[in-house]
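A.B. asks: Below you'll find the structure I mean.
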Amino acid sequence: MHSAALQLAPVLAEKSKVPFYVAGGVLVVWALTVSAGLGLRRAAFPFSLGGERVVIAISVVLVLTVTSMAVITAGVPAHKASAEAPAGTPASPGAPSGAPPAGTSPAGAPSSSAAAPAQAPASKKAAGKPAAPASTTLKLAAATGGTLAYDTKQLQAKAGKVSIDFSNSSPIEHDVTVAQGSRVLGATPIFVGGSKTLALTLAPGTYTFYCSVPGHRQAGMEGTLSVS
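This is the structure we're talking about:
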């Protein structure tokens, strides 16, 4: 009887909780019958050991049946919930048939990964090309009237290529020579009239410019060239 009740319980529970109420009612009626109807009126009930076992067995079966009904009808069966899930919950939509897969570029659109290599050589070429050194052009002239002097004693330039445009309108021949300490770095030809240009590449430091004609430097024809 107990196994039959357990087999029928899931079928009945899928429709309603009526089986639970029926089983509970039967258990209540049985309990009242045993206790009030028979136990109080007949002192010898259940009359024998066999009768006592029958009463206990029936009571146990009814209690187990009611408990099983309570558990089974407490919620929607698992297989029913799983069957209703696909109908109530739409499947997550996949990518549209016309849309490209994730991580790919649409047709006609330039790929960033393809554009990167094309730009890399240009940037590498620009990075590898050294910056052109600074170029400074200075003006220097010999004093007119035969005076052994330049028109300035201070010249300033940026490190890199330095050009000195030296003009000599004096009737005396002159030149301009650049040295650092005792080392001569360059000089224009000695000339009278016109102009000459001395081009040097100089690092930051202090240099001396002067006229190399004998006696002219000693007479004061010199100055300082500061390169920064």
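All residue numbers for the sequence shown refer to the numbering used here, where the first residue is -7 and numbers rise by one.
We put the beta carbon where it would ideally sit given N, CA and C, even for glycine.
1) May I ask you to report which of helix, strand or coil DSSP gives ILE156?
2) Helix or strand or just coil, what does DSSP make of VAL26?
3) Output yes or no for whether 7 angstroms exceeds the beta carbon distance between VAL219 and LEU194.
4) Buried or exposed: where does VAL223 fall if 16 or more other Cβ atoms within 10 Å of its Cβ makes it buried?
5) To the nearest angstrom, how far is it from the Cα of LYS145 to the Cα of TYR202?
6) I think VAL168 touches LEU132, with their Cβ atoms under 8 angstroms apart; what is that distance to the nearest whole Å?
7) Report the CB separation of ALA126 from PRO196 in whole angstroms; it is logged as a contact under 8 angstroms.
8) Return the chain-ordered list of same chain residues with a C-beta closer than 7 angstroms to the C-beta of GLN148, the five sequence neighbours on each side being excluded.
9) Could you round the C-beta distance between SER159 and SER204 to whole angstroms and report it? I think they count as a contact, below 8 angstroms.
10) Where does ALA211 land, buried or exposed, given buried means 16+ other C-beta within 10 angstroms?
11) Given this structure, state the Cα-to-Cα distance separating ILE182 from HIS166, to the nearest angstrom.
12) So the beta strand (DSSP E) GLY178 belongs to, where does it begin and stop?
13) So is VAL63 buried or exposed if we call it buried at 16+ other beta carbons inside 10 Å?
14) By alpha-carbon positions, which one of ALA179, GLY43, GLY185 ends up nearest to TYR191?
15) Can you tell me which residues form a DSSP beta bridge with PHE183?
16) For the alpha helix (DSSP H) holding SER51, just list the boundary residues, first then last.
17) On the premise that THR198 lies in contact with GLU214, defined as a C-beta separation below 8 angstroms, what is that separation, rounded to the nearest angstrom?
C.D. replies: Concretely, from the data shown:
1) DSSP places ILE156 in strand when its eight states are reduced to three.
2) In this structure, VAL26 counts as helix in the three-state DSSP scheme.
3) In contact: VAL219 and LEU194 (Cβ atoms closer than 7 angstroms).
4) A query on residue 223 cannot be resolved here, the shown segment of the chain reaching from -7 to 220 and no further.
5) The straight-line gap from Cα to Cα measures roughly 9 angstroms.
6) Indeed they touch by this definition, with Cβ atoms about 6 angstroms apart.
7) Here ALA126 is actually not in contact with PRO196; their C-beta atoms are around 11 angstroms apart, not less than 8 angstroms.
8) SER218.
9) In fact, because the Cβ distance is near 17 angstroms, the residues do not count as touching under 8 angstroms.
10) By the 10 Å Cβ count, ALA211 comes out exposed.
11) One Cα belongs to ILE182, the other to HIS166, and the distance between them is close to 5 angstroms.
12) Unbroken beta strand (DSSP E) run through GLY178: 175 to 179.
13) In the assembly as shown, VAL63 is an exposed residue. Its beta-carbon has fewer than 16 other beta-carbons within 10 Å.
14) According to the sequence displayed, residue 191 carries Ala and not Tyr. Considering only alpha carbons, the answer is ALA179.
15) For PHE183, which the question treats as bridged, DSSP gives the partners HIS166.
16) Counting along the chain, the alpha helix (DSSP H) containing SER51 begins and ends at 41 to 64.
17) Rounded, the Cβ-Cβ distance is 13 angstroms, inconsistent with contact.
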